[in-house]
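Visitor: The numbering used here applies: residue 293 is where the sequence shown begins, and numbers increase by one. First the structure, then my questions, so here it is.
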Amino acid sequence: MFVTIAQEISGFLNLPPEILLLVYCSLDSIADAYFLSQTCQQAYHVFSRPQSQPKIFESIIHNVLQDAAPNQAWLEKQFGPGSLWRPKEADLPVDLTNKPAREFLINIGFPSVKLPRIGFNSTHLKTFADKGDSLCRYTGEELYGIYDPDDEVPALSFCLGEVYTQLVMLENEHGHVFWYNGDCYDSLGRDRGLVAQGLDSLAVLLGMVVAVTKDLRESPLDLSLEELERRVEILKRPLDILRGKMRDYDFYAEDAEFWNDLFSELLDDWEFRDESLGS
(Lines of atoms letter the chains of each structure in order from A; the text may use other names.)
(Lines give C-alpha, C1' and ligand atoms only; values in the text may rest on other atoms or scores of the structure.)
Protein backbone atom coordinates (compact mmCIF):
# COMPACT_ATOMS: atom_id res chain seq x y z
CA MET A 293 0.00 0.00 0.00
CA PHE A 294 2.62 2.58 1.05
CA VAL A 295 4.77 1.73 -1.99
CA THR A 296 1.94 2.86 -4.26
CA ILE A 297 1.53 6.06 -2.25
CA ALA A 298 5.26 6.68 -2.42
CA GLN A 299 5.22 6.35 -6.19
CA GLU A 300 2.26 8.67 -6.63
CA ILE A 301 3.11 11.44 -4.14
CA SER A 302 6.26 13.43 -4.73
CA GLY A 303 8.41 13.74 -1.66
CA PHE A 304 6.48 11.05 0.22
CA LEU A 305 9.40 10.23 2.46
CA ASN A 306 9.74 13.89 3.43
CA LEU A 307 6.18 14.19 4.70
CA PRO A 308 5.65 15.70 8.17
CA PRO A 309 5.81 13.18 11.05
CA GLU A 310 2.08 13.45 11.78
CA ILE A 311 1.25 12.51 8.17
CA LEU A 312 3.70 9.61 8.19
CA LEU A 313 2.05 8.40 11.39
CA LEU A 314 -1.32 8.38 9.62
CA VAL A 315 0.20 6.37 6.78
CA TYR A 316 1.58 3.83 9.25
CA CYS A 317 -1.82 3.55 10.93
CA SER A 318 -3.54 2.91 7.60
CA LEU A 319 -1.45 -0.19 6.85
CA ASP A 320 -2.74 -3.74 7.19
CA SER A 321 0.60 -5.50 7.55
CA ILE A 322 3.21 -5.29 10.30
CA ALA A 323 5.84 -6.37 7.78
CA ASP A 324 4.97 -3.33 5.65
CA ALA A 325 5.39 -1.09 8.68
CA TYR A 326 8.85 -2.55 9.36
CA PHE A 327 9.78 -2.10 5.71
CA LEU A 328 8.58 1.50 5.65
CA SER A 329 10.61 2.27 8.76
CA GLN A 330 13.79 1.32 6.87
CA THR A 331 13.20 3.63 3.90
CA CYS A 332 14.53 6.84 5.44
CA GLN A 333 15.55 8.42 8.72
CA GLN A 334 12.26 10.30 9.07
CA ALA A 335 10.18 7.15 8.65
CA TYR A 336 12.40 5.28 11.13
CA HIS A 337 12.10 8.09 13.66
CA VAL A 338 8.30 8.12 13.50
CA PHE A 339 8.11 4.34 13.80
CA SER A 340 10.56 4.17 16.70
CA ARG A 341 9.03 6.87 18.89
CA PRO A 342 7.69 5.33 22.13
CA GLN A 343 4.51 7.39 21.83
CA SER A 344 3.93 6.29 18.21
CA GLN A 345 4.73 2.59 18.04
CA PRO A 346 1.89 1.29 20.26
CA LYS A 347 -0.61 3.32 18.25
CA ILE A 348 0.85 2.05 14.97
CA PHE A 349 0.66 -1.61 16.01
CA GLU A 350 -2.80 -1.20 17.53
CA SER A 351 -4.11 0.40 14.32
CA ILE A 352 -2.55 -2.18 12.01
CA ILE A 353 -3.87 -5.12 14.01
CA HIS A 354 -7.30 -3.50 14.16
CA ASN A 355 -7.22 -3.14 10.37
CA VAL A 356 -6.20 -6.78 9.96
CA LEU A 357 -8.76 -8.25 12.37
CA GLN A 358 -11.75 -5.93 12.01
CA ASP A 359 -13.66 -8.44 9.87
CA ALA A 360 -12.69 -11.54 11.88
CA ALA A 361 -15.64 -13.92 12.00
CA PRO A 362 -16.35 -17.67 11.86
CA ASN A 363 -17.46 -17.64 8.24
CA GLN A 364 -16.04 -19.28 5.14
CA ALA A 365 -14.95 -16.05 3.44
CA TRP A 366 -12.82 -14.77 6.31
CA LEU A 367 -11.35 -18.15 7.27
CA GLU A 368 -10.33 -18.97 3.69
CA LYS A 369 -8.79 -15.50 3.37
CA GLN A 370 -6.43 -16.46 6.20
CA PHE A 371 -5.84 -20.15 5.52
CA GLY A 372 -6.23 -20.20 1.74
CA PRO A 373 -8.98 -21.16 -0.74
CA GLY A 374 -10.24 -24.69 -0.24
CA SER A 375 -8.48 -25.02 3.11
CA LEU A 376 -11.62 -25.80 5.11
CA TRP A 377 -12.68 -29.37 5.81
CA ARG A 378 -16.45 -29.33 5.43
CA PRO A 379 -17.89 -32.83 5.79
CA LYS A 380 -21.40 -33.89 4.96
CA GLU A 381 -23.78 -34.84 7.75
CA ALA A 382 -23.35 -38.54 6.98
CA ASP A 383 -19.56 -38.26 7.16
CA LEU A 384 -19.52 -37.16 10.80
CA PRO A 385 -19.36 -39.74 13.61
CA VAL A 386 -22.81 -40.44 15.02
CA ASP A 387 -21.42 -40.06 18.52
CA LEU A 388 -20.39 -36.47 17.83
CA THR A 389 -23.57 -35.14 19.34
CA ASN A 390 -22.63 -31.54 20.08
CA LYS A 391 -25.02 -29.59 17.86
CA PRO A 392 -23.03 -26.32 17.44
CA ALA A 393 -19.90 -28.29 16.51
CA ARG A 394 -21.77 -30.41 13.96
CA GLU A 395 -23.45 -27.38 12.40
CA PHE A 396 -20.18 -25.47 12.16
CA LEU A 397 -18.39 -28.35 10.45
CA ILE A 398 -21.21 -28.96 7.98
CA ASN A 399 -22.00 -25.34 7.13
CA ILE A 400 -18.62 -23.59 7.45
CA GLY A 401 -15.85 -26.12 7.95
CA PHE A 402 -12.69 -26.26 10.04
CA PRO A 403 -9.24 -25.44 8.59
CA SER A 404 -7.30 -28.52 7.52
CA VAL A 405 -3.87 -26.91 7.47
CA LYS A 406 -0.27 -27.12 8.60
CA LEU A 407 1.06 -24.02 10.34
CA PRO A 408 4.77 -24.75 10.82
CA ARG A 409 5.62 -21.48 12.56
CA ILE A 410 3.40 -22.40 15.50
CA GLY A 411 3.51 -26.17 15.13
CA PHE A 412 -0.23 -26.68 14.56
CA ASN A 413 -1.27 -29.42 12.12
CA SER A 414 -4.80 -30.49 11.21
CA THR A 415 -4.15 -31.85 7.71
CA HIS A 416 -5.40 -35.28 8.79
CA LEU A 417 -8.96 -33.95 8.55
CA LYS A 418 -8.78 -33.94 4.76
CA THR A 419 -6.20 -36.68 4.38
CA PHE A 420 -8.47 -39.28 5.97
CA ALA A 421 -11.77 -37.80 4.79
CA ASP A 422 -12.25 -40.44 2.08
CA LYS A 423 -11.77 -43.17 4.66
CA GLY A 424 -14.44 -41.72 6.93
CA ASP A 425 -11.94 -41.49 9.76
CA SER A 426 -11.10 -37.78 9.93
CA LEU A 427 -12.18 -37.31 13.54
CA CYS A 428 -10.41 -39.79 15.79
CA ARG A 429 -12.53 -40.76 18.80
CA TYR A 430 -11.20 -41.00 22.34
CA THR A 431 -13.11 -42.30 25.34
CA GLY A 432 -12.51 -41.27 28.92
CA GLU A 433 -10.81 -44.58 29.56
CA GLU A 434 -8.42 -44.05 26.65
CA LEU A 435 -7.59 -40.50 27.70
CA TYR A 436 -7.42 -40.75 31.46
CA GLY A 437 -7.85 -44.40 32.37
CA ILE A 438 -11.38 -43.65 33.60
CA TYR A 439 -14.05 -46.27 32.97
CA ASP A 440 -17.73 -45.67 33.60
CA PRO A 441 -19.89 -48.74 32.84
CA ASP A 442 -23.00 -46.54 32.87
CA ASP A 443 -21.67 -44.19 30.19
CA GLU A 444 -23.76 -44.76 27.08
CA VAL A 445 -21.79 -42.30 24.93
CA PRO A 446 -18.78 -44.20 23.55
CA ALA A 447 -16.77 -41.17 22.39
CA LEU A 448 -15.86 -38.47 24.88
CA SER A 449 -13.63 -36.32 22.69
CA PHE A 450 -12.49 -35.91 19.10
CA CYS A 451 -9.07 -34.90 17.79
CA LEU A 452 -9.09 -31.71 15.69
CA GLY A 453 -5.36 -31.29 15.27
CA GLU A 454 -2.02 -31.63 16.95
CA VAL A 455 0.90 -29.53 18.07
CA TYR A 456 3.84 -31.87 17.69
CA THR A 457 2.78 -34.84 19.88
CA GLN A 458 0.03 -33.07 21.83
CA LEU A 459 -3.58 -33.15 20.70
CA VAL A 460 -6.16 -30.41 20.26
CA MET A 461 -9.44 -32.01 21.29
CA LEU A 462 -13.14 -31.23 20.97
CA GLU A 463 -15.02 -32.18 24.13
CA ASN A 464 -18.29 -33.69 22.96
CA GLU A 465 -20.68 -32.85 25.79
CA HIS A 466 -20.15 -29.08 26.03
CA GLY A 467 -18.32 -28.40 22.77
CA HIS A 468 -15.26 -26.88 24.43
CA VAL A 469 -11.78 -27.32 22.96
CA PHE A 470 -8.95 -28.50 25.20
CA TRP A 471 -5.30 -29.47 24.90
CA TYR A 472 -4.19 -33.00 25.71
CA ASN A 473 -0.72 -34.41 26.38
CA GLY A 474 -0.82 -38.17 26.08
CA ASP A 475 2.89 -38.44 26.88
CA CYS A 476 2.35 -37.32 30.47
CA TYR A 477 2.94 -40.22 32.87
CA ASP A 478 0.33 -38.92 35.31
CA SER A 479 -3.06 -39.50 33.67
CA LEU A 480 -4.60 -36.62 35.60
CA GLY A 481 -1.93 -34.26 34.27
CA ARG A 482 -2.62 -35.03 30.64
CA ASP A 483 -5.31 -32.38 30.31
CA ARG A 484 -3.41 -29.14 29.67
CA GLY A 485 -6.47 -26.95 29.92
CA LEU A 486 -9.07 -25.26 27.76
CA VAL A 487 -8.15 -23.66 24.45
CA ALA A 488 -11.38 -22.14 23.12
CA GLN A 489 -15.07 -22.01 23.91
CA GLY A 490 -15.94 -23.91 20.77
CA LEU A 491 -14.88 -25.14 17.36
CA ASP A 492 -15.85 -21.90 15.61
CA SER A 493 -13.93 -19.83 18.14
CA LEU A 494 -10.78 -21.94 17.74
CA ALA A 495 -10.91 -21.46 13.96
CA VAL A 496 -11.15 -17.69 14.36
CA LEU A 497 -8.39 -17.52 16.99
CA LEU A 498 -6.02 -19.48 14.77
CA GLY A 499 -7.03 -17.24 11.88
CA MET A 500 -6.17 -14.17 13.94
CA VAL A 501 -2.67 -15.47 14.58
CA VAL A 502 -2.15 -16.27 10.90
CA ALA A 503 -3.57 -12.92 9.76
CA VAL A 504 -1.18 -10.91 11.93
CA THR A 505 1.98 -13.01 11.55
CA LYS A 506 1.85 -14.46 8.03
CA ASP A 507 3.85 -11.61 6.47
CA LEU A 508 6.57 -11.64 9.12
CA ARG A 509 9.77 -13.22 7.92
CA GLU A 510 11.75 -15.65 10.02
CA SER A 511 15.07 -14.41 11.36
CA PRO A 512 18.00 -14.66 8.91
CA LEU A 513 20.59 -17.14 10.11
CA ASP A 514 23.40 -14.58 9.90
CA LEU A 515 21.90 -12.18 12.47
CA SER A 516 23.87 -11.64 15.65
CA LEU A 517 22.33 -12.59 18.98
CA GLU A 518 22.01 -8.91 19.82
CA GLU A 519 20.06 -8.29 16.61
CA LEU A 520 17.90 -11.35 17.24
CA GLU A 521 17.09 -10.25 20.77
CA ARG A 522 16.14 -6.80 19.49
CA ARG A 523 13.91 -8.40 16.86
CA VAL A 524 12.16 -10.44 19.54
CA GLU A 525 11.72 -7.36 21.70
CA ILE A 526 10.08 -5.46 18.83
CA LEU A 527 7.97 -8.42 17.70
CA LYS A 528 6.66 -8.96 21.22
CA ARG A 529 4.84 -5.62 21.14
CA PRO A 530 2.39 -6.45 18.32
CA LEU A 531 2.03 -10.00 19.61
CA ASP A 532 0.94 -8.64 22.99
CA ILE A 533 -1.70 -6.54 21.23
CA LEU A 534 -2.80 -9.58 19.22
CA ARG A 535 -3.13 -11.64 22.40
CA GLY A 536 -5.34 -8.91 23.87
CA LYS A 537 -7.61 -9.00 20.80
CA MET A 538 -7.86 -12.76 21.14
CA ARG A 539 -8.81 -12.47 24.81
CA ASP A 540 -11.53 -10.01 23.84
CA TYR A 541 -12.89 -12.54 21.37
CA ASP A 542 -12.69 -15.60 23.62
CA PHE A 543 -11.83 -15.32 27.31
CA TYR A 544 -10.37 -18.84 27.23
CA ALA A 545 -7.40 -17.31 25.39
CA GLU A 546 -6.61 -15.24 28.51
CA ASP A 547 -4.06 -17.58 30.06
CA ALA A 548 -4.39 -20.91 28.29
CA GLU A 549 -1.25 -23.03 28.14
CA PHE A 550 -1.96 -23.72 24.47
CA TRP A 551 -1.79 -20.04 23.50
CA ASN A 552 1.09 -19.37 25.89
CA ASP A 553 3.13 -22.05 24.16
CA LEU A 554 2.03 -20.92 20.71
CA PHE A 555 3.17 -17.35 21.30
CA SER A 556 6.42 -18.59 22.79
CA GLU A 557 6.91 -20.58 19.60
CA LEU A 558 6.59 -17.39 17.57
CA LEU A 559 9.32 -15.74 19.64
CA ASP A 560 11.66 -18.66 20.29
CA ASP A 561 13.58 -18.85 17.02
CA TRP A 562 16.26 -16.56 18.48
CA GLU A 563 16.71 -18.98 21.39
CA PHE A 564 17.14 -21.83 18.91
CA ARG A 565 19.72 -19.72 17.11
CA ASP A 566 21.51 -19.17 20.43
CA GLU A 567 21.76 -22.92 20.97
CA SER A 568 23.00 -23.54 17.43
CA LEU A 569 25.75 -20.94 17.80
CA GLY A 570 26.94 -22.66 20.94
CA SER A 571 27.13 -26.08 19.35
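Every residue gets a Cβ at the ideal spot worked out from N, C-alpha and C, and that includes glycine. This one's a predicted model, so the numbers in the text were calculated from it and none came from an experiment.
Please classify Asn283 as buried or exposed, where buried requires at least 16 other C-beta atoms within 10 Å of its C-beta.
Guide: With the chain covering only 293 through 571, there is no way to say anything about residue 283.
Visitor: Pick out whichever of Tyr316, Asp540, Arg378 and Glu525 has its Cα sitting closest to the Cα of Thr415.
Guide: Taking the sequence shown and counting its residues from 1, the one referred to as residue 415 is at position 123. Taking only the C-alpha atoms, the option nearest Thr415 is Arg378.
Visitor: Quick one: is Pro342 buried, meaning 16 or more other Cβ sit within 10 Å of its Cβ, or exposed?
Guide: In the sequence shown, residue 342 corresponds to position 50, counting from 1. By the neighbour-count rule (16 or more Cβ atoms within 10 Å), Pro342 is not buried but exposed.
Visitor: Near Ser329, which residues of its chain fall below 6 Å by C-beta distance, leaving aside the five closest residues on each side in sequence?
Guide: Sequence index remark: in the sequence shown, residue 329 carries index 37 (1-based). Counting only Cβ-Cβ distances below 6 Å, and skipping sequence neighbours, we find Ala335, Tyr336 and Phe339.
Visitor: Going along the chain, which residues of its own chain have a beta-carbon closer than 6 Å to the beta-carbon of Asp492, five neighbours each way excluded?
Guide: Residue mapping note: residue 492 aligns to position 200 of the sequence shown, counting from 1. Closer than 6 Å at the Cβ level, and outside the excluded window around Asp492, lie Pro362 and Phe396.
Visitor: Tell me, please, whether the segment 406 to 414 touches the segment 452 to 464 by the rule of three or more beta-carbon pairs shorter than 8 Å.
Guide: The segment 406 to 414, when compared against the segment 452 to 464, does touch it at the 8 Å Cβ threshold.
Visitor: Going straight from the alpha carbon of Ile322 to that of Cys332, what length do you get?
Guide: Numbered from its first residue, the sequence shown carries residue 322 at position 30. Numbered from its first residue, the sequence shown carries residue 332 at position 40. If you take the alpha carbons of Ile322 and Cys332, they lie about 17 Å apart.
Visitor: Using the rule of at least 16 other Cβ atoms within 10 Å of the residue's Cβ for burial, across every protein chain shown, is Pro530 buried or exposed?
Guide: As a position in the sequence shown, residue 530 is number 238, starting the count at 1. Counting Cβ neighbours within 10 Å, Pro530 comes out buried, since at least 16 surround it.
Visitor: Assign Phe550 to buried or exposed, taking buried as 16 or more other Cβ atoms, counted over all protein chains shown, within 10 Å of its Cβ.
Guide: Residue mapping note: residue 550 aligns to position 258 of the sequence shown, counting from 1. Buried, by the Cβ-count rule.
Visitor: Distance check for Thr389 and Phe420, CA to CA, integer angstroms please.
Guide: The residue given as residue 420 occupies position 128 in the sequence shown. The residue given as residue 389 occupies position 97 in the sequence shown. Answer to the nearest angstrom: the Cα atoms are 21 Å apart.
Visitor: Could you tell me the alpha carbon to alpha carbon distance between Ala488 and Glu546, rounded to whole angstroms?
Guide: Position 196 of the sequence shown, counted from the start, is the residue given in the question as residue 488. Position 254 of the sequence shown, counted from the start, is the residue given in the question as residue 546. Answer to the nearest angstrom: the Cα atoms are 10 Å apart.
Visitor: Apply the 10 Å Cβ neighbour rule to Gly499 and answer buried if 16 or more other Cβ atoms are within range, or exposed otherwise.
Guide: By one-based count along the sequence shown, residue 499 stands at place 207. With 16 or more other Cβ atoms within 10 Å, it is buried.
Visitor: Compute the Euclidean distance between the alpha carbons of Asn473 and Val460, then round it to the nearest angstrom.
Guide: The sequence position of residue 473 within the sequence shown is 181, counting from 1. The sequence position of residue 460 within the sequence shown is 168, counting from 1. Approximately 9 Å between the Cα atoms of the pair.
Visitor: Here's the rule I'm using: 16 or more other beta-carbon atoms within 10 Å means buried, otherwise exposed. How should Leu486 be labelled?
Guide: Numbered from its first residue, the sequence shown carries residue 486 at position 194. Classification for Leu486: buried.
Visitor: Give the DSSP-derived three-state secondary structure of Ser375 in the structure shown.
Guide: Numbered from its first residue, the sequence shown carries residue 375 at position 83. In the structure shown, Ser375 sits in coil (DSSP, three-state: anything other than H, G, I, E or B).
Visitor: Please state the DSSP three-state secondary structure of Pro392.
Guide: Walking along the sequence shown from the start, residue 392 turns up at place 100. Correct three-state label for Pro392: helix.
Visitor: Can the beta-carbon of Val504 be found closer than 8 Å to that of Leu534?
Guide: Translated into the one-based positions of the sequence shown, residue 504 becomes position 212. Translated into the one-based positions of the sequence shown, residue 534 becomes position 242. A contact, by the Cβ cut-off of 8 Å.
Visitor: Can you give me the Cβ contacts of Glu557 inside the same chain, cut-off strictly under 8 Å, excluding the 5 residues immediately before and after it?
Guide: For the purposes of this step, residue 557 is identified with residue 265 of the sequence shown, where counting begins at 1. Around Glu557: Arg409, Ile410 and Gly411.
Visitor: Under the DSSP definition of a beta bridge, which residues are partnered with Phe550?
Guide: Locating residue 550 in the sequence shown gives position 258, counting from the first residue. Looking at the DSSP assignment, Phe550 forms no beta bridge with any residue, so it has no partner.
Visitor: Does the beta-carbon distance from Met538 to Leu494 come in below 8 Å?
Guide: One-based indexing of the sequence shown puts residue 538 at position 246. One-based indexing of the sequence shown puts residue 494 at position 202. No, they are not a contact pair.
Visitor: Could you tell me if Gly372 is buried or exposed, where buried requires 16 or more neighbouring beta carbons within 10 angstroms of its beta carbon?
Guide: Taking the first residue of the sequence shown as position 1, residue 372 is located at position 80. Gly372 is exposed by the Cβ-count criterion.
Visitor: By DSSP, does Leu307 sit in helix, in strand, or in coil?
Guide: Taking the sequence shown and counting its residues from 1, one reaches residue 307 at position 15. Correct three-state label for Leu307: coil.
Visitor: Return the Cβ separation of Ile398 and Gln364 in integer angstroms, given the expectation that the two are a contact with Cβ distance under 8 Å.
Guide: In the sequence shown, the residue the question calls residue 398 occupies position 106. In the sequence shown, the residue the question calls residue 364 occupies position 72. Actually they are not in contact, since the Cβ atoms of Ile398 and Gln364 sit about 12 Å apart, beyond 8 Å.
Visitor: DSSP three-state call for Lys406: helix, strand or coil?
Guide: As a first step, residue 406 is located in the sequence shown; it is residue number 114 there, counting from the start. DSSP places Lys406 in strand when its eight states are reduced to three.
Visitor: With DSSP run on the structure shown, which of helix, strand or coil describes Gln334?
Guide: Here residue 334 is taken as the residue at index 42 of the sequence shown, counted from 1. Looking at Gln334 - three-state DSSP - the assignment turns out to be helix.
Visitor: Below 8 Å on the Cβ atoms is my contact criterion, and I expect Gly490 with Pro392 to pass it. Report the Cβ-Cβ distance as a whole number of Å.
Guide: As a position in the sequence shown, residue 490 is number 198, starting the count at 1. As a position in the sequence shown, residue 392 is number 100, starting the count at 1. Gly490 to Pro392, Cβ: 6 Å. Contact.
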